[in-house]
Amino acid sequence: MPVKLYEKEEILDSCFETFVRTGYTKTTTAMLAEAAGISKALLFHHFKSKKKTYISVLDRCFEKMSSDMIEEPLSDFTNFFEAKGQSGSYKIDYLRQNPKVSKLLFEAFHSTPDELKEEIGKFSLHAKEKYGAIDVSKEKLMKDLFNEIPLRDGVDQDHAFELVNVVMTHFRKSIAIDLTDVNKIQDNAYWDDLFNRKRIFLDMIRYGIEER
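If you want it as structure tokens, here you go:
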């Protein structure tokens, strides 16, 4: 029998709480069924396996994020480095306000259990197709702004753009970890300092580090 939409959402919300509390590896199907108030047989009927339940929970998180989270209006910026310095602030605000979502996303994408790696790889492609239109649009805008930068003679544009992305990847990894730290997640001063350091790093790329 097909699961009713409202029933499915209630089951997934209960499973979400369980996965966040105990993590994927320590969560059992019995725990999921008990949290949802249904039998293991009914859970398997709807979602087939623990892995598929987890992926369904993850997809529900992405779905809610795509509808609830406001993206920063980067079109307001005319300078690449200013846009990069501000980029990600709205998403971080959303995850700070929803620490359980942040914890689940960290486990899924930055501390992936070995038995889930194949499924997470497939889900990442699915999520990019289903929810990635805004990110693609943002990346295009960033590239357009970058192309307007007058680079020094001898500086390869692709290499320069890659260098910026190396720095941004460093901050994204740091942020993903920090968003799971209960002490840091509500510390406004910490996040102000992080974005300030991000801007300092971008300024070092923009203006160089050697005295001339």
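When the count follows the numbering used here, it moves up by one through the sequence shown with no breaks and lands on 230 for the last residue.
Even glycine gets a Cβ: it sits at the ideal position worked out from N, Cα and C.
Quantities reported herein were computed from a predicted structural model and do not represent experimental measurements.
Here T46 is exposed, its C-beta having fewer than 16 other C-beta atoms within 10 Å.
Sequence-distant partners of A194 (beyond 5 residues in either direction) whose C-beta falls short of 7 Å from its own C-beta, in its chain, are F124 and H128.
The beta carbon of D211 is closer than 6 Å to none in its chain, skipping five residues each way along the sequence.
The DSSP-derived three-state label of N214 is helix. Looking only at L60, R224 and C79, the smallest Cα-Cα distance to V185 is reached by R224. S107 and F189 do not touch by the CB rule: their CB atoms are close to 12 Å apart, not below 8 Å.
K26 and D77 have their C-alpha atoms roughly 13 Å apart. Under the three-state reduction of DSSP output, Q204 falls in the coil class, being neither helix nor strand.
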